[in-house]
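*Asks:* Questions regarding the structure given below will be posed in turn.
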Amino acid sequence: MRRDMLQKLLPFLSLIALFIALAIASPYFLTSVNLSSVVRQTAVINIMALGMTLVIVSGGIDLSVGAILAFSGVVGSMAMVAGESVWIGVAVGILCGLAWGALNGFLTVWLNIPPFIVTLGALGIARGLTLIISGGLPVSGLPRELTFLGDGTVFGVPFVLIVLLICAVVTHVVLHATKLGRYTYAIGSNKEAAVYAGIPVGPYTVAVYAISGLLTGLASMIETSRLMTGQPTAGQSYELQVIAAVVIGGGSLTGGEGSVVGTLIGAFIMGLLSNGSDLLGINPYLQQAIIGAIIILAVALDEARKRKFSTA
Amino acid sequence: MLLELEGIRKNFGGVQALKRGDLRAAAGEVHALIGENGAGKSTMMKIIAGMYQRDGGDVRWKGQSVHFQKPGDAHAVGISMVHQESLLAPHLTVAENIYLGRETLHGPLLHKAAMQSSASRLIEENNFPLQAHWKVRDLSPAQRQLVEICRALHGASSLIIFDEPTASLSESETVEVFRIVRELRQKGIGILYITHRLVELAEIADKVTVLRDGDTVYHGNYKDTSMDEIVHQMVGRKVERIYEREKLTPGKEVLKVDIPGAAFSIHEGEIVGVAGLMGAGRTELCQTLFGVTPSDEGEIRIEGRKVHPKSPREAVDAGIALITEDRQQTGLALELPIRMNITMANLGAVTKAGIVRQAEEKTVSERFRDKLQIRAASVEQNAGRLSGGNQQKVVIAKWLYRDTKIVLFDEPTRGIDVGAKAEVFALMDEMAREGKAILMVSSELPELLQVADRILVMRGGKITAELPRETTQEEIMHHAAVGN
Ligand SMILES: Nc1ncnc2c1ncn2[C@@H]1O[C@H](COP(=O)(O)OP(=O)(O)OP(=O)(O)O)[C@@H](O)[C@H]1O
Ligand SMILES: [Mg+2]
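Those protein sequences? They're chains C and A, same order as listed. The opening position of the first sequence corresponds to residue 0 in numbering that gives the first Met the number 0, with each subsequent residue numbered one higher. The opening position of the second sequence corresponds to residue 0 in numbering that gives the first Met the number 0, with each subsequent residue numbered one higher.
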């Protein structure tokens, strides 16, 4: 029983260990400049990963989040460049994400196509549309106030950290204390049993993808604020990092498992790994390989834990 | 002695499934293993079959102490097992499943034709209503059970374990299973046979072992014991095995069905039974009423109101619940705790201001755990880790909590022990007294005769007869079988 506990805490302990190791290895690591840069760098992936947690718990997958991020960022930027206020621009970006998410969910439910395929298609469509509407060029000339979203601080705390924490708390509550969350677990655990229990599986599935899209839309505006341009090529391969964060945090690609706390830990582990490699001057190509290996290791450990208690 | 188990222990993260499991089985004998739900029967069998590792005790195979690390080890010495819960690959065909893991090869390639034809032969020899090329995912639980049996027969040489082989079968296939068991015994193969249908013992059992709470409490010749003695050993107290249901005066009409092939009604306080052979359309009838396979023709009325459920959701809203026959596939979310499974169909009742009240959920699910005597360490235990019979009780609890006016039970006692059966019948009776209308599909005729007020008999997708409570098994079989 105690060993089980220990293994459950493993991702968290790894995060702590990594943190301590980096603190020892690099004097620069513990400076507030560096730590807040870690937070800012991981916030985008982290927020997207919260939405992905819901999707993965429901037994689905969303490969289009990186492309949606680019689309929403570009459209939100264009709104601001066209003279709309920062508020409106950010809202436009978030709504774009929401719409894409809802569309993904709707297509999986309505056409009964596996989400892997639907979102793979959406990835292509969103990327293509983004390049078309932007003419392939970054959208620049954004209002100065936008910088606050990505780089501002409130009482010395990075504003994105506050946004991230709010999103995390809300997602956690949704997942563990609302009908939506419960049904998400139920659908991911056994979809057929959920249908037979009278759960409206279709609408709830759409809602899950829509929430994921909404969070991606929010992340897109943070990314835009950090770059101060709407980049049509933003978010390349973010979907992989996002899925990895969820999986390292204990999410199961077969559905029914995953948690917000786990995902946050997963995203921070990845953030620290890349920050640490930068600080220690590790070759960025090697970094990618290390992160890949970590993903496999994390899932292998998690599986080993589960197997001990599985019903054969 | 072919197989001897002595003092087997097995612990699952805090649950002591086996404390002192003893068993002795000889070749050419049918050895019945009896015990309540959760007594540890399946666990003991899985240890023999190499699926679980024992924590302590000794297993001797033909006098030699053995330790099977994986199912392949047990299979190598000639042990095969028919599992209680289907362990088949749904996307593969019947033939592919029978040969799974021991495919016939033709050079480096699969010899599909050979496997297909010998699977067909096996099926035909046993008169099973199956085709070798059918996909397993399209099969009913009963048909899957038959595939499991074929699979075990194919590899059998020394010992076959049957873990509740007849739980989902109707009369005629059960008779086939008995024939198979007798033939195997004739060939000198040892047989371990688990069942909750104690009447089956008279048909085939030579020896009986009773497990209670992980302990072997009785071992002896079937002939030297009595049914009352066995039941007494099983539960550790006296139980009323014969359940007598008092006849109620039916109230007003609740459900009126008039669809092609099925016209009947159920009144308040009535339990209407449905009998029929495998494939007679009993499950389909339930699924039509429950909106899984809606019917375009005819009409369904609930308390006079016309309804047309096109999904389970609409059916539940209209006041119909269905306790399906396949708990693993359509009844439970196996990785979720008992608590969440029980409240799944009625989450609104424990939700306030959008928030699911977990404390209230816990109270509710503990109430049902106690009421149905679900054997679990706590309601936080995953449903998948319960014994088969206890899983069934969780499904029933889910719909009891939803509290619909009409409840359809499709094989409600599948895999549950004598005590629990009596409890389920008492629950059904209680529901009837509260004014619910109940439809009960069952392949066990004695059960139907005990519980139902009227019995509908189905054949070829149609209701062919409606018989009163006083009817006989012969009469039912007569209407259920072809001819008439
Ligand atoms: N993989 C598992 N993990 C945790 N607990 C388990 C596991 N398998 C069985 N158990 C527990 O062990 C006990 C014995 O289970 P087992 O399946 O052997 O019962 P059984 O006698 O076959 O019952 P039934 O007649 O209902 O099939 C039960 O309390 C069950 O919850
Ligand atoms: Mg069992």
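Just so you know, even glycine gets a beta-carbon here, dropped at the ideal spot from N, CA and C.
Nearest to C:N111 by CA position, among C:G59, C:A167, C:P142, C:G151, is which residue?
*Replies:* Answer by Cα proximity: C:G59.
*Asks:* Any contact of the region 198 to 213 of chain A with the region 49 to 58 of chain A, i.e. 3+ C-beta pairs under 8 Å?
*Replies:* The region 198 to 213 of chain A, when compared against the region 49 to 58 of chain A, does not touch it at the 8 Å Cβ threshold.
*Asks:* Can you list the residues of chain B that C:N189 reaches, using a CB-CB cut of under 9 Å?
*Replies:* This model lacks chain B altogether, as its protein chains are C and A.
*Asks:* What I want to know is whether the C-beta of A:I229 ends up closer than 8 Å to one or more non-hydrogen atoms of ligand 1.
*Replies:* Result no, Cβ not under 8 Å from ligand 1.
*Asks:* Please confirm if C:T310 has its CB atom under 9 Å from at least one CB of chain A.
*Replies:* Annotation note: pLDDT 40 at C:T310 (below 50); position unreliable, coordinate value reported separately. Judged by the 9 Å Cβ criterion, C:T310 is in contact with chain A.
*Asks:* What does DSSP give as the partner residues of A:P336 in its beta bridges?
*Replies:* Paired residues: A:N381.
*Asks:* Along the chain, which unbroken stretches of the beta strand (DSSP E) at least 3 residues long are found entirely within the region 126 to 181 of chain A?
*Replies:* For the region 126 to 181 of chain A, whole beta strand (DSSP E) runs of length 3 or above, ordered along the chain, are 158 to 162.
*Asks:* Taking the continuous alpha helix (DSSP H) assigned at C:E222, which residues delimit it?
*Replies:* That run of the alpha helix (DSSP H) goes 200 to 226.
*Asks:* If you pair each beta-carbon of the region 198 to 205 of chain C with each one of the region 403 to 410 of chain A, do three or more pairs fall below 8 Å?
*Replies:* The region 198 to 205 of chain C, when compared against the region 403 to 410 of chain A, does not touch it at the 8 Å Cβ threshold.
*Asks:* Roughly how many angstroms lie between the CA atoms of A:I78 and A:Y98, to the nearest whole one?
*Replies:* Rounded to the nearest angstrom, the two C-alpha atoms are 16 Å apart.
*Asks:* Can you name the residues of chain A whose CB is closer than 9 Å to the CB of C:P199?
*Replies:* Those within 9 Å of C:P199 in chain A are S310, R312.
*Asks:* My output table needs one value for C:G291: the three-state DSSP class, helix, strand or coil.
*Replies:* If DSSP states are grouped into helix, strand and coil, C:G291 belongs with the helices.
*Asks:* Any residue with its Cβ nearer than 5 Å to a heavy atom of ligand 1 should be included. What is that list in chain order?
*Replies:* Selection output, chain order preserved: C:T310, A:F11, A:V14, A:A16, A:N36, A:G37, A:A38, A:G39, A:K40, A:S41, A:T42, A:R384, A:L385, A:S386, A:G387, A:G388.
*Asks:* Just tell me which of A:R120, A:N36, A:E172, A:G56 has its CA closest to the CA of A:M233.
*Replies:* The candidate whose alpha carbon is nearest that of A:M233 is A:N36.
*Asks:* If you count every other CB in all the chains shown that lies within 10 Å of the CB of C:S309, and 16 or more means buried, which is it?
*Replies:* Interpretation of C:S309 is limited by its pLDDT of 46, a score under 50 that renders its predicted location unreliable; the figure taken from the coordinates is listed afterwards. The residue in question, C:S309, is exposed, as its Cβ has fewer than 16 Cβ neighbours within 10 Å.
*Asks:* Output needed for A:V355: all residues of its chain with C-beta closer than 7 Å, excluding positions within five of it in sequence on either side, in chain order.
*Replies:* So the qualifying residues of the chain are L346, V349.
*Asks:* Would you mind giving the Cβ-Cβ distance between A:A436 and A:I229, rounded to the nearest angstrom? I have them listed as a contact below 8 Å.
*Replies:* At roughly 36 Å, the Cβ-Cβ gap does not stay under 8 Å, so A:A436 and A:I229 are not in contact.
*Asks:* What are the boundary residues of the beta strand (DSSP E) that A:I299 is part of?
*Replies:* It spans 298 to 301 - the beta strand (DSSP E) in which A:I299 sits, taken as one unbroken run.
*Asks:* For the beta strand (DSSP E) that A:S264 lies in, which residues bound it at each end?
*Replies:* Here the beta strand (DSSP E) through A:S264 covers 261 to 266.
*Asks:* So, using beta-carbon positions, are C:I221 and C:G149 closer together than 9 Å?
*Replies:* Yes. Within cutoff.
*Asks:* Beta carbon of C:T107, beta carbon of C:T204: below 9 Å?
*Replies:* A contact, by the Cβ cut-off of 9 Å.
*Asks:* Residues in the same chain with beta-carbon distance under 6 Å from A:S169, minus the five sequence neighbours each way, listed in chain order, please.
*Replies:* Closer than 6 Å at the Cβ level, and outside the excluded window around A:S169, lie L276, M277, S442.
*Asks:* Can you tell me whether A:Q130 is buried or exposed, with buried defined as 16 or more other CB within 10 angstroms of its CB?
*Replies:* A:Q130 should be labelled exposed.
*Asks:* Within 10 angstroms of its Cβ, does C:M0 collect 16 or more other Cβ (buried), or is it exposed?
*Replies:* With a pLDDT of only 45 at C:M0, under 50, the local geometry of the prediction cannot be trusted, and the value read off the model is given with reservation. Looking at its Cβ environment, which holds fewer than 16 other Cβ atoms inside 10 Å, C:M0 is exposed.
*Asks:* CA-CA distance, A:R184 and A:T463?
*Replies:* Computed Cα separation, rounded: 39 Å.
*Asks:* Taking DSSP as the reference, what is the three-state secondary structure of C:M77?
*Replies:* Correct three-state label for C:M77: helix.
*Asks:* Contact defined as beta carbons within less than 8 Å: I believe A:T342 pairs with A:S364. What is the distance between those atoms, to the nearest angstrom?
*Replies:* Going by Cβ atoms, the distance from A:T342 to A:S364 rounds to 7 Å, so yes, they are a contact pair.
*Asks:* I need the straight-line Cα distance from A:A25 to A:M43, nearest angstrom please.
*Replies:* So the two alpha carbons sit approximately 17 Å from each other.
*Asks:* Let's test the definition: count the other Cβ atoms within 10 Å of the Cβ of C:F147 and tell me whether it reaches 16, buried, or not, exposed.
*Replies:* Exposed, because fewer than 16 other Cβ atoms sit within 10 Å of the Cβ of C:F147.
*Asks:* Going along the chain, which residues of the region 345 to 363 of chain A sit with their C-beta nearer than 8 Å to a C-beta in chain C?
*Replies:* Hits within the stretch, in order: L346, G347, T350, G353, I354, V355, Q357.
*Asks:* Any heavy atom of ligand 2 inside 8 Å of the beta-carbon of A:M296?
*Replies:* The residue asked about is misnamed: residue 296 of chain A is Glu in this sequence, not Met. No; taking the cut-off as 8 Å, the Cβ of A:E296 has no heavy atom of ligand 2 nearer than that.
*Asks:* Nearest CA to the CA of C:P114: which residue from C:V37, C:V207, C:F11?
*Replies:* When each option's Cα is compared against that of C:P114, the closest is C:V207.
*Asks:* Is A:D325 near ligand 2, with its Cβ less than 8 Å from a heavy atom?
*Replies:* Flag unset: Cβ of A:D325 not near ligand 2.
*Asks:* Closer than 9 Å, CB to CB, is C:V172 near chain A or not?
*Replies:* Cβ-Cβ to chain A under 9 Å: yes for C:V172.
*Asks:* What residues in its chain sit with their C-beta under 6 Å from that of A:V176, if we drop five residues either side in the sequence?
*Replies:* Same-chain partners within the cutoff: P164, T165.
*Asks:* Tell me whether A:F408 sits in a helix, a strand or coil according to DSSP, three-state version.
*Replies:* If DSSP states are grouped into helix, strand and coil, A:F408 belongs with the strands.
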